[in-house]
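**Student:**
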Amino acid sequence: MLDLRSDTVTRPTAAMRRAMAGADVGDDVYGEDPTVAALERRVADLLGHEAGLLTATGSLANQLGMRLLVDPGEELLCDVRAHVVRAELGAGAALSGITTRTWQSEDGRLDAEAAAALMEPDAGPYLVSTAAVAVENTHNFGGGTVQPLAQLQRLRALTADAGVAVHLDGARLWNAHVAAGVPLAAYGACADTVSVCLSKGLGAPVGSVLVASAERVAQARVLRKRLGGGMRQVGLLAAAGLHALDHHVERLADDHARARRLAERLADADPAVVDPSRVETNIVVLAVDDAPGLARDAAAQGVLVSVLGPRTARLLTHLDVDDEGVDAAAEVLAKLLVTRR
Ligand SMILES: *Cc1c(COP(=O)(O)O)cnc(C)c1O
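Under UniProt numbering, the sequence shown has 72 at position 72, and the numbering climbs by one with no breaks.
1. Give the secondary structure of His83 by DSSP, where H, G and I count as helix, E and B as strand, and everything else as coil.
2. Between which two residues does the beta strand (DSSP E) carrying Arg260 extend?
3. Count the other C-beta atoms from every protein chain shown that fall within 10 angstroms of the C-beta of Ala238, then say buried if there are 16 or more, exposed otherwise.
4. Under three-state DSSP, which class holds Ser208?
5. For Asn137, verify whether its CB is less than 6 Å away from any heavy atom of ligand 1.
6. Name the one or two DSSP bridge partners that Val166 has.
7. Quick one: does the C-beta of residue 343 sit closer than 6 Å to a heavy atom of ligand 1?
8. Measure the CB-CB distance between Ser195 and Asn62 and report whether it falls below 7 Å.
9. What is the DSSP secondary structure of residue 366, counted as helix, strand or coil?
10. Quick check: the Cα distance between Gly58 and His247, rounded to an integer number of angstroms?
11. Which runs of the alpha helix (DSSP H), 4 residues or longer, sit entirely within the segment 282-330?
12. As a quick exercise: from Ala176, Pro34, Ser208, pick the residue whose alpha carbon is nearest that of Glu250.
13. Taking Asp107 as the reference, which of His139, Asp122, Ala299 has the closest Cα?
14. Would you report the Cα separation of His83 and Thr102, rounded to the nearest angstrom?
15. Determine which residues share a DSSP beta bridge with Ser195 and list them.
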């Protein structure tokens, strides 16, 4: 099977498994796991923040970041297709009493002025006050869109003037960093809290890291434990993250080139389906007449794609699909698109 449904489907490499097996561990709830501490330090340093916190999932890292910045009854602003508002099962509302308002965008691309125009930081006794803005980079449902650094910096300036905080959902910030050549710390400087995933393009089996000020991370440690997210000898998983940072960041450029090639092959088959020039990272979104039908027919030929809507399918390239695999998937999908045209 060529599984292009997501970059979460990768399995740890043999080298990563060796790194995990050899990890030095301790009880991280007691703060005694040296491998976890090393990972948290390393990610915080990369992003230019004071401290980091390992979490089991990206959703938990996002929810902790949001909770740190927004009090119950206050508001978080984000894109209408943001993961935090579409794909975390209402956790902000259900667990933290956070309300949201959203802005529309093209491909999830941030327009800082338009986002900031929604802010009402001091809404008085009748309306909801805005406490934070969340931005996603790259934008998942937008199709792997890389947020322009200038827009992130503009948002940072506009929100700071208004006393509003910024959370960056950087599940695929590594992809943005590699695609745009922007230092991770430059992205980190645009937000108060940042979440990054180790289990997407980086290929670790589990884990995300939230970075912020030392004071906020100390608070997040308490909130994480309260939610049942304190883990013990979790250096086994942190070791996978450290290994991924050493070996799987720069190679994301291969995933990006493969995604672009896949899009080009499919556009050759049917130009209405995808515009390859819009493929910026490892995500290819297809506009088709019958996405479930395409997914079913492709699966019958050994290619798995994800269905985002009745007319939207999505493909992701990742560590477990090489050039040959991408070419084979392109051939199957191109044929299906031609017969459906
Ligand atoms: C995958 C993802 C997350 C986190 O997802 P988990 O499955 O909870 O690890 C957060 N934000 C974005 C944009 C994602 O794509």
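Using N, Cα and C, we set each Cβ at its ideal position, and we do this for glycine too. Bear in mind the structure is a predicted one, so any value in this text is a computation, not a measurement.
**Tutor:** Inspection of the coordinates gives the following:
1. Start at 1 with the first residue of the sequence shown, and residue 83 comes out as number 83. His83 carries a helical assignment under DSSP once its states are collapsed to helix, strand and coil.
2. The residue you call residue 260 lines up with position 260 of the sequence shown. Careful: Arg260 lies outside any beta strand (DSSP E), inside the alpha helix (DSSP H) at 252-269.
3. What you label residue 238 is simply residue 238 of the sequence shown in a count that begins at 1. The residue is buried, with at least 16 neighbouring Cβ atoms inside 10 Å.
4. By 1-based counting over the sequence shown, the position of residue 208 is 208. Ser208 falls in the strand class under three-state DSSP.
5. As a working mapping, residue 137 is identified with position 137 in the sequence shown. Not under cutoff, so the answer is no.
6. As a first step, residue 166 must be located in the sequence shown, where it is residue number 166. For Val166, the pairing in a beta bridge is given by DSSP as Val133.
7. Here the chain covers residues 1 to 341 and nothing more, so residue 343 does not appear.
8. As a first step, residue 195 must be located in the sequence shown, where it is residue number 195. As a first step, residue 62 must be located in the sequence shown, where it is residue number 62. Cβ atoms of Ser195 and Asn62: closer than 7 Å.
9. There is no way to answer for residue 366, as the model of the chain reaches only from 1 to 341.
10. The residue given as residue 58 occupies position 58 in the sequence shown. The residue given as residue 247 occupies position 247 in the sequence shown. Each residue's Cα considered, the two are about 21 Å apart.
11. Correct list: 291-300.
12. Counted from its first residue, the sequence shown places residue 250 at position 250. Selected option, being the one with the closest Cα: Ala176.
13. One-based indexing of the sequence shown puts residue 107 at position 107. Distance from the Cα of Asp107 is smallest, within the candidate group His139, Asp122, Ala299, for His139.
14. To locate residue 83, count along the sequence shown from 1; it is residue 83. To locate residue 102, count along the sequence shown from 1; it is residue 102. Answer to the nearest angstrom: the Cα atoms are 12 Å apart.
15. Taking the first residue of the sequence shown as position 1, residue 195 is located at position 195. Per DSSP, the beta bridge partners of Ser195 are Asp169, Leu210.
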